[in-house]
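So the protein lines, in turn, are chains A and B.
Following the numbering used here, the numbering of the first sequence begins with 949 at its first residue and continues without gaps.
Following the numbering used here, the numbering of the second sequence begins with 103 at its first residue and continues without gaps.
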Amino acid sequence: MRRYSLTYFIGQSFKGLWRNGVMSLASITVLMSCLLVMGSFSLLLANINYNMEEIGLLNEIVVFIDENSTDEQVAAIGTEIKGLDNVSGVRFISREEAHESEMAKLADHPNLLQRMSLDKEIYRHSYVITYSDNSRVSTLQYQLEHLENKGVSKIICRTDLAETIESLKSGITMIFIWFLAILMVVSIFVIINTIKLAVFARRQEISIMRYVGATNWFITLPFVFEGIFIGLLAGGIGYLLQWYLYTYVYNIIITDYNMISVMAYADISHYVIAAFLAIGVVTGIIGSSISLRKYLHA
Amino acid sequence: MIEFKNVKKVYPNGTVALDNVNLRINDGEFVFIVGASGAGKTTLMKLLLREEKLTSGSLTVDEFDLKKLSNFKVPYYRRQLGVVFQDFRLFPNKTVYENVAFAMRVIGEPSKVIRRRVPTILSIVNLQDKYNCFPRELSGGEQQRVALARAMANNPRIIIADEPTGNIDPKMSLEIMNLLVKIQKKGKTVIVVTHEKNLVDYFKQRVVTIGEGGVISDTVGGMYNAEV
Ligand SMILES: Nc1ncnc2c1ncn2[C@@H]1O[C@H](COP(=O)(O)OP(=O)(O)O)[C@@H](O)[C@H]1O
Ligand SMILES: [Mg+2]
């Protein structure tokens, strides 16, 4: 019965990491930076999405009704809106409902009360209109401004904002992808060189292992483990740094810009740690495999 | 049994190291390989070790056809062979014991087997008292005996020694050769590449002379060919 002990491979890979201390440290640092950039961008995008969902920015036009209108007038406006082309849904929000939800929000953020001059709009009924065709929003907006029934006090069409945020998001995503691609390539390159150095340091040992009949995987496994450890360390330390960074920014936003909602790190930390470790390990394996390719074919 | 048939080896740079080698070595034989420097003796050993692939012809070692042997199977093939080099190639930071145990560990022998077998092998090469020494504390002859012990660690059928006495003094050389003969008497095939006329003549074994890309003489109980 032939047995290979895991402790042998782990021990060898730690020795390797230690022997090439500077390169190992460089690999871990670069990979960790890569993870941090990726993590920060992802968290930013996640928060943008979260806020957009929360305020329901997309595909909505809100029509406020003059507070002096009668119930009949309000109903007539509703019917007319429903009859318009491109309208896919109309939701009525009474002034009572508006008031309640605003108060609920204020209860969540007490210090908001002092800042906000309470908006007149919460004393008005409104219709929240969703539409199906984005490209004909301006027509719809024009039609709403020129309804036959009078009594519309204000129309808020947040399409512009939604579009701005959408293009901002795709801009951020593009930068993010480029940055990430570059950092990934750099990480893999540095890991390749770290492993190559480790292989070089043990070349004599490797050649003797070959002569006595060691299999390729036996020879290369410690180096793959080395790559994995680099990935795990980068992922673990990166996770902690990301935590610190996020909480730091979170506290600034919460105290200074409390109109924006920020997801709590605790709610998303399990995704972050899973992603960091997975990407770290995969990068480590890719890096070490590339540097060992030559050996695997020999 | 080892059989070279019309073996040709051309290195990538165009050097024809071996042109047409025909040689058969039976199980349990002792063979000296001699020949001028650059004749292709080391190349012959490298082909046997499957460190180099032959260009044409055929080479079989027992059930292994080296022409067809896949990379994947090479490690298992090499476990049939034990190798010794002129420059010993020991690990300077491992003890004698560890140097031998290492060879067993890399093929996955359990520790129990290693602990039992290493002392036995060290006693064959008369190094049982030195198991805890580092290579730098040993003479050249002793270092080569450690290398020999390592070559035997996995109980190979064939021992290949490429100029094993090239770096050690004559008295020690005789001792190494005596050990190799002793190993052959234990039933192994032993192939020794050497330059040392005196030793070859002394042992009166089969002598194969390599030259001009092939075997130029092959004599049993022979003498070192004076012209080469
Ligand atoms: N890796 C190599 N690449 C190219 N030529 C080589 C290589 N190894 C050996 N040779 C050449 O092949 C010939 C035989 O070399 P070698 O087998 O080392 O001879 P020997 O061991 O008998 O002295 C020599 O001409 C040598 O220069
Ligand atoms: Mg030679």
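Glycine included, C-beta positions come from ideal geometry on N, C-alpha and C.
- Burial state of B:R252 is buried, judged by a 10 Å Cβ sphere holding 16 or more other Cβ atoms.
- Distances from the alpha-carbon of A:F1124 to those of A:N968, A:R967 and A:V985 put A:V985 closest.
- In the structure shown, the three-state DSSP call for B:C235 is coil.
- Only R252, A253, A255, N256 and P258 from the stretch 251 to 262 of chain B bring a Cβ to less than 9 Å from some Cβ of chain A.
- Neighbours of A:E1153 in chain B, taken as residues whose beta carbon is under 8 Å from its own, are F193 in chain order.
- Chain B places a beta carbon closer than 8 Å to that of A:T1163, counting this residue as a contact.
- If you keep only unbroken alpha helix (DSSP H) runs of at least 4 residues inside the stretch 158 to 231 of chain B, you get 176 to 180, 198 to 207 and 213 to 226.
- Counting of Cβ neighbours within 10 angstroms places B:K170 among the exposed residues, the total staying below 16.
- Closer than 8 Å to the CB of B:P114 there is not a single CB belonging to chain A.
- Here B:S275 is near B:E298, since their CB atoms are less than 8 Å apart.
- Pairing A:Q1089 with A:L1095, the inter-Cα distance amounts to about 10 Å.
- The CB of B:R181 comes closer than 7 Å to the CB of G1161 in chain A, given here in chain order.
- For B:I260, the closest alpha carbon among the candidates B:N128, B:K155 and B:K107 is that of B:N128.
- Cβ-Cβ separation between B:I293 and B:V133: approximately 5 Å, consistent with a contact (criterion under 8 Å).
- At a beta-carbon threshold of 7 Å, none of the residues of chain B lie near A:I1130; the nearest stands roughly 36 Å away.
- Counting only residues of its own chain and dropping the five nearest sequence neighbours on each side, A:I1221 has a CB closer than 7 Å to the CB of Y1187.
- Counting C-beta pairs with one atom in each stretch, the stretch 311 to 318 of chain B and the stretch 135 to 150 of chain B have three or more that are closer than 8 Å, which means they touch.
- Proximity of the beta carbon of B:K111 to ligand 2 is not indicated: no heavy atom of the ligand is located closer than 7 Å.
- Rounded to the nearest angstrom, the Cβ distance from A:G1099 to A:S1017 is 4 Å, consistent with a contact under 8 Å.
- A:Y1192 sits in a helix when the DSSP states are folded into three classes.
- Contact of A:I1156 with chain B by beta-carbon distance below 7 Å involves R191.
- Close to B:Y178, with beta-carbon spacing below 9 Å, are these residues of chain A in chain order: G1161 and T1163.
- Of the residues A:I1156, A:R1072, A:I996 and A:D1014, the one whose Cα lies closest to the Cα of B:M206 is A:I1156.
- Around the beta carbon of B:M325, fewer than 16 other beta carbons sit within 10 angstroms, so the residue counts as exposed.
- The DSSP-derived three-state label of B:L125 is strand.
- Looking at the backbone, the Cα of A:H1073 and that of A:I1009 are separated by about 14 Å.
- A buried status is given to A:E1174, since no fewer than 16 other beta-carbon atoms sit within 10 Å of its beta-carbon.
- Flagged as an interface residue toward chain B: A:F1166, by a C-beta distance shorter than 8 Å.
- Environment of ligand 1, chain-ordered: B:Y113, B:N115, B:T117, B:A119, B:G137, B:S139, B:G140, B:A141, B:G142, B:K143, B:T144 and B:T145, taking every residue with Cβ within less than 6 Å of a heavy atom.
- By the neighbour-count definition (other C-beta atoms within 10 Å, threshold 16), A:M971 is a buried residue.
- DSSP places A:V1085 in the uninterrupted alpha helix (DSSP H) bounded by V1085 to E1093.
- With distances taken between CA atoms, B:G210 lies nearest to A:S953 out of A:I1139, A:S953 and A:L1181.
- For B:F190, the closest C-alpha among the options B:I223, B:V215, B:P221 and B:I262 is that of B:I262.
- The stretch 228 to 235 of chain B makes no contact with the stretch 158 to 174 of chain B; the number of CB pairs closer than 8 Å stays below 3.
- In the structure shown, B:K273 adopts helical secondary structure according to DSSP, grouped into three states.
- B:V202 is outside the set of residues whose beta carbon lies under 8 Å from a beta carbon in chain A.
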